[in-house]
Amino acid sequence: MNSPVDNGLASDNRRLLLRLALSALVMFGFGFLLVPFYEKICEATGINNVLRPEAEAGARFAADAPLNSQVDASRSILVQFDANLHDLPWRFQPVQRSVSVHPGQLVHVEYEVTNTRAEPITGQAVPSYGPQLAGQYFRKLDCFCFAQQTLAPGERRIMPVVFVVDPALPSDVNTITLSYTFFELKGRSAASSAGGRAS
Amino acid sequence: MTDAPRRAGFLATMRAVLWSFFGVRRRQAYIDDAGSLNPLAVVVAGVLAGAVFVIVLVLIVQWVIGVAAA
Amino acid sequence: MAAVTPDQLHGHHAPGGVMRWLTTTNHKDIGTMYMIFSFIMFLSGGVLALTIRAELFKPGLQVVQPEFFNQLTTMHGLIMVFGAIMPAFVGFANWMIPLMIGASDMAFARMNNWSFWLLPPAAILLIGSFFAPGGATAAGWTLYAPLSVQMGMGMDMAIFAIHIMGVSSIMGAINIVVTVLNMRAPGMTMMKMPLFCWTWLITAYLLIAVMPVLAGAVTMILADRHFGTSFFNAAGGGDPVMYQHIFWFFGHPEVYIMILPAFGIVSQIIPTFSRKPLFGYASMVYATASIAILSFAVWAHHMFATGMPAAGQLFFMYATMLIAVPTGVKVFNWVATMWRGSLSFEPPMLWATGFIFVFTMGGFTGLICAIAPIDIQVQDTYYVVAHFHYVLVAGSLFALFAGAYYWLPKWTGHMPSEFLGKLHFWCSIVFFNITFFPMHFLGLAGMPRRIPDYALQFADFNAIASVGAFGFGLSQLIFIVVVVKCIRGGERAAARSWESAEGLEWTVPSPAPYHTFEEAPVVR
Amino acid sequence: MGRAGRIAALCLASSVSLAHAEPHARYNLQQPVTGIAEQINDMHTLMLVICLFIFVGVFGVMFWAVFNHRKSKGAVAAHFHENTAVEIAWTIIPVLILLGMAWPATKTVIAMKDTSNPDITVKATGYQWKWGYDYLQGEGEGIRFLSALSTPREQIEGSAPKGDAYLLEVDHPLVVPVGKKIRMLLTANDVIHSWWVPAFGVKQDAIPGFIRDAWFRADKEGVYRGNCAELCGRDHGFMPIVVQVLSAEKYAAWVAEQKAKAAATVSAAPPAEADSAPPAAPDKG
Chain A
22 MNSPVDNGLA SDNRRLLLRL ALSALVMFGF GFLLVPFYEK ICEATGINNV
72 LRPEAEAGAR FAADAPLNSQ VDASRSILVQ FDANLHDLPW RFQPVQRSVS
122 VHPGQLVHVE YEVTNTRAEP ITGQAVPSYG PQLAGQYFRK LDCFCFAQQT
172 LAPGERRIMP VVFVVDPALP SDVNTITLSY TFFELKGRSA ASSAGGRAS
Chain B
277 MTDAPRRAGF LATMRAVLWS FFGVRRRQAY IDDAGSLNPL AVVVAGVLAG
327 AVFVIVLVLI VQWVIGVAAA
Chain C
174 MAAVTPDQLH GHHAPGGVMR WLTTTNHKDI GTMYMIFSFI MFLSGGVLAL
224 TIRAELFKPG LQVVQPEFFN QLTTMHGLIM VFGAIMPAFV GFANWMIPLM
274 IGASDMAFAR MNNWSFWLLP PAAILLIGSF FAPGGATAAG WTLYAPLSVQ
324 MGMGMDMAIF AIHIMGVSSI MGAINIVVTV LNMRAPGMTM MKMPLFCWTW
374 LITAYLLIAV MPVLAGAVTM ILADRHFGTS FFNAAGGGDP VMYQHIFWFF
424 GHPEVYIMIL PAFGIVSQII PTFSRKPLFG YASMVYATAS IAILSFAVWA
474 HHMFATGMPA AGQLFFMYAT MLIAVPTGVK VFNWVATMWR GSLSFEPPML
524 WATGFIFVFT MGGFTGLICA IAPIDIQVQD TYYVVAHFHY VLVAGSLFAL
574 FAGAYYWLPK WTGHMPSEFL GKLHFWCSIV FFNITFFPMH FLGLAGMPRR
624 IPDYALQFAD FNAIASVGAF GFGLSQLIFI VVVVKCIRGG ERAAARSWES
674 AEGLEWTVPS PAPYHTFEEA PVVR
Chain D
3 MGRAGRIAAL CLASSVSLAH AEPHARYNLQ QPVTGIAEQI NDMHTLMLVI
53 CLFIFVGVFG VMFWAVFNHR KSKGAVAAHF HENTAVEIAW TIIPVLILLG
103 MAWPATKTVI AMKDTSNPDI TVKATGYQWK WGYDYLQGEG EGIRFLSALS
153 TPREQIEGSA PKGDAYLLEV DHPLVVPVGK KIRMLLTAND VIHSWWVPAF
203 GVKQDAIPGF IRDAWFRADK EGVYRGNCAE LCGRDHGFMP IVVQVLSAEK
253 YAAWVAEQKA KAAATVSAAP PAEADSAPPA APDKG
């Protein structure tokens, strides 16, 4: 390899080495790129709702669908409400367990949350839909999810959810579950809690 | 590659890549491929064909779901 | 496996003793070290496997506690995949690719030395994690979040070990690509290249493409564990399923990284002992490329139980079923190579034939697993354990042994004992099937994997599997005897050690001199 | 599919009937009690038969060569090394076979995803290491309880003889009526678990922070057992799932009994109890 005739080869080798090393680096970046990519796919297909808070807060709805969309009275969808707590000493439940709605109809429901501890606690709720497909047809105009909620000791709070089921919902879906999970935020600022998203 | 390689055109590259998707290739055709193809072009054609493959499969799935739902 | 006797070192200013091995840039030395390292790792992973089988010999907890059991299954997987099988193939590549293409050494000899010497520290870090507070990671070799976020310090050590091994693999892969593309002897055109070089070239590209993705995935876990991010934590807007997508984007091509070089080895051996050229050489190359490309579009078939929408399940089901086609082409080609040949069954051919047989059985269960509804039923059961051991033990490992017996004469200068080689093969294949065939039944009947204790109806098959596992483990000791005997002496091997072996590696003397092809040979 | 399945079943008569004759499955999938599980069973049998044919074909040729084309028997090697027509044939034929397999599988996949119009919705929550059940809608709405392994420690450690349902028994099984469509909502509290009842053909991961849905309609009364199927930490092997399928009347009686019990505990226990209880404890007060 060190013989003089091989100089051309050595530089060829080095060029190929650099290219391959670069592609390895690009693929390392691609691994991280999969994160926003996955979110975009989820957003587009409604598989999982891992949206950014601001996207969830109704902005999306206002932007891409008119509020006065036609109410489809020929179909009724049963919307169930579910609540989960993730290691949080609260009481969290929907005020009504389910409602029957027509697609396109504006619906207002409430969740009730109570801090049962003698200290203020901050939590944050994440929504999820079953079947997953329903997520993209579920337009929330008002929602407490992704906003931090700090409850004083013993405080009880009623939190509204206002939503419209998109009339484009596939005809074979007639039961949707909206589920919220409350997580405790232990002394975390908003910035760090969304740290994963920022990268 | 002692003899000066002749550069294959886009179609020839695409044809070789499509045969590779099929997984069968005649030896003489392979010798021609190996002699004429530009590796970078093969990679580009491969990625392109892969994307087309995925899109076709997605369309088939959409069609199947449409048929099943109807 | 030391291929070099001191007299061959004369005239080369190589340091002696330990320093020689630490500083060597010779592809043969490095190949030998890779193989010794991977065999040691294979034995350590095997000890973990036998501990697992001892615990599962009968219902109830006897040998280990559940927590330690989970550490055993996790480390068995990590050690076998990253410590045993992958380095073993890199070792083969180091030894054989320069010899096969008529190059004097690998393209980047010094980088080659680094990529090997990164491995022992990584292995120490990995195995040492058993002694960390809280023990080794117990999250399964897939390290699924959020379970892996819960783990103790052992998890961090495993992550760093994976990082180091990943860097090593990438450097090895780059070296192989450059060597294959740039260092071929005059006249050794791509289409004349032995199939082993072809499969390794494609494998190396796969490695460069996916190892960094794995590094990214485990880095994200590390960040979730220590830096307050929430890539995989729903509370911060992340998604645990995303980890599985990223992991399997690496993980599925990884499966082919571990099997494609095996295809290459088998494609070298079958024609030699059939005394007939490989059937459909061109198709073999194209089928390999096809498998490599398709392997990027099937990853989520490992995740059917996570609950994808129907469209997703169908997409990945169809794509996965299509992979069976090029794989089938390969098996058909091997059988067609044997057809109307003039066969003889020396140990390498025995292992290669055994490879085709058991690998195809693994292929069948793979096809069955591709059907999403059936997969949902057997996912995370012993059926899947049986499936991937048929593909990885009977596939990759058997091909590695086939290759080792095939090239031992070239490495050591002596023919391996035919009797011991055959004994090793027959013990291995019988005990292998005793171990893993009953696992199909266990999985179908409903035994989940990664459990330290099980319901009573699974007792008899588990007992059989445990007996088989100990038999299989002990059979591997025969290989040590074969290799030691082979190094010490025995029948002198000719340059062309097997009657109709083809290829440049058989034109140099056996054992291969320390430096080969310093003057590039001219091919035809 | 049904006919193909039956033909297939005939081919494998011995092993299949063996499996069906025994209380526990030994060689094959567990006896199905839902339509979906039945379809999976048929499909699996069909696949086995197809694989068997390919196996006989490929290895018939291979072993013929192994035994007859040996050098020691004086075989002289032929020199063909390519035949594009044959290669194309053995590429096309597998593709056609695959299409034949894909069709029934596609129908089952779509049927498995159809969770609409359930009679009862139950939420199952995975905890390390037990299951919480929560009847969200339908008969029994509001019932909730935890379901944990009830096999005594001594049996596991070997100081007591093991019972029949060793490791597959829980203190409070999930109870559902026969012939009703049950929609399961799955979620988890800590790490990923997986809710699996083989006889129903249902396996669905329970993912913390998200819900997933699956469904089953059990055709036969009885007790059906499964396990957590996703590694979830130390006691992953010790969190079984037991589903008791009851007739409509017995189910109604069970619901009444549960309601009475719940009313009694609510009046007895102060509501503050809820915070120290495990997360699945009634936060309904």
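Residue numbers (the numbering used here), protein chains in the order written: chain A, 22 to 220; chain B, 277 to 346; chain C, 174 to 697; chain D, 3 to 287. Glycine is no exception: its CB is placed at the ideal position from the N, C-alpha and C atoms.
Are the region 117-132 of chain A and the region 196-210 of chain D in contact at 8 Å, needing three or more beta carbon pairs?
no
Of all Cβ atoms in chain C, is any one closer than 8 Å to the Cβ of residue 285/B?
no
Listed in chain order, which residues of the region 112-126 of chain D have Cβ atoms closer than 8 Å to some Cβ of chain B?
Taking 8 Å as the Cβ-Cβ cut-off against chain B, the residues of the region 112-126 of chain D that qualify are 112.
Rounded to whole angstroms, what is the Cα-Cα separation between residue 192/D and residue 325/C?
16 Å
In the DSSP assignment, what are the bridge partners of residue 218/D?
184/D
Using a C-beta to C-beta distance shorter than 7 Å, which residues of chain B count as neighbours of residue 110/D?
The contacting residues do not exist; residue 110/D stays about 11 Å from chain B at best.
Would you call the region 87-104 of chain D and the region 483-498 of chain C in contact, with 3 or more CB pairs under 8 Å?
yes
Can you check DSSP and say which residues form a bridge with residue 103/A?
200/A
How many whole angstroms separate the CB atoms of residue 55/A and residue 418/C, which I take to be in contact at a CB cut-off of 8 Å?
7 Å
Skipping 5 residues on each side, what residues in its chain have a beta carbon closer than 7 Å to that of residue 106/A?
Same-chain partners within the cutoff: 113, 203.
Please report whether the beta-carbon of residue 198/D lies at a distance below 8 Å from any beta-carbon of chain B.
no
Below 7 Å CB to CB, which residues in the same chain sit around residue 318/C once its five sequence neighbours on both sides are set aside?
394, 397, 405, 413, 416
Give a yes or no on whether the C-beta atoms belonging to residue 282/C and residue 224/C are separated by under 8 Å.
no
Please list, in chain order, all residues of the same chain as residue 228/C whose beta carbon is under 7 Å from its beta carbon, the five residues on each side excluded.
235, 236, 237, 242, 625
Between 196/D, 90/D, 138/D, 185/D, which has its C-alpha nearest residue 129/D's C-alpha?
196/D
Here's a check: name, in chain order, each residue in its chain whose Cβ is nearer than 7 Å to the Cβ of residue 569/C, leaving out the five neighbours to either side.
258, 431, 432, 435
Between the alpha carbons of residue 71/A and residue 389/C, how many angstroms are there, rounded?
Bear in mind that the predicted position of residue 71/A carries a pLDDT of just 46, short of 50, making it too unreliable to give a figure here.
Label residue 297/C either buried or exposed according to how many other C-beta atoms from any shown protein chain fall within 10 Å of its C-beta, with 16 as the threshold for buried.
Exposed, by the Cβ-count rule.
With distances taken from CA atoms, which of 467/C, 503/C, 579/C, 479/C is nearest residue 518/C?
Closest by alpha carbon: 579/C.
Note down, in chain order, all residues in the region 151-174 of chain A with a beta-carbon under 8 Å from any beta-carbon belonging to chain D.
151, 152, 153
Going along chain B in order, which residues have a C-beta closer than 7 Å to the C-beta of residue 429/C?
Simply none; closest approach about 14 Å.
Rounded to the nearest angstrom, what separates residue 478/C and residue 642/C at their Cα positions?
Spanning the two alpha carbons is a distance of roughly 29 Å.
Looking only at DSSP bridge pairs, what is residue 226/D linked to?
245/D
Taking all protein chains shown into account, decide if residue 103/A is buried (16 or more other Cβ within 10 angstroms of its Cβ) or exposed.
buried
Looking only at its own chain, which residues have a Cβ that is under 7 Å from the Cβ of residue 36/D, when we skip the five neighbours before and after it?
202, 203, 218, 219, 220, 221
CA-CA distance, residue 97/A and residue 150/A?
18 Å
How many Å lie between residue 91/D and residue 226/D at the Cα?
In this model, residue 91/D and residue 226/D are separated by some 46 Å (Cα to Cα).
Taking the alpha carbon of residue 540/C as the reference point, which residue from 46/D, 84/D, 242/D has its own alpha carbon closest?
46/D
Beta-carbon of residue 97/A versus every beta-carbon of chain D: anything under 8 Å?
no
Counting contacts by CB-CB distance shorter than 8 Å, is residue 200/A in contact with chain C?
no
When the cut-off is 8 Å and only beta carbons count, does residue 77/D lie next to chain C?
yes
Taking only runs of the alpha helix (DSSP H) that begin and end inside the region 228-292 of chain C, which ones reach a length of at least 4 residues, in chain order?
239-251, 259-274, 282-290
Determine, using beta-carbon pairs with one atom in the region 303-322 of chain B and one in the region 444-462 of chain C, whether at least three such pairs fall under 8 Å.
yes
Residue range of the beta strand (DSSP E) that residue 148/D falls in?
146-149
From this set, 31/A, 29/A, 57/A, 205/A, which residue's C-alpha is nearest residue 145/A's C-alpha?
The residue with the shortest Cα to Cα distance from residue 145/A is 205/A.
Specify the secondary structure class of residue 190/D as computed by DSSP and reduced to three states.
strand
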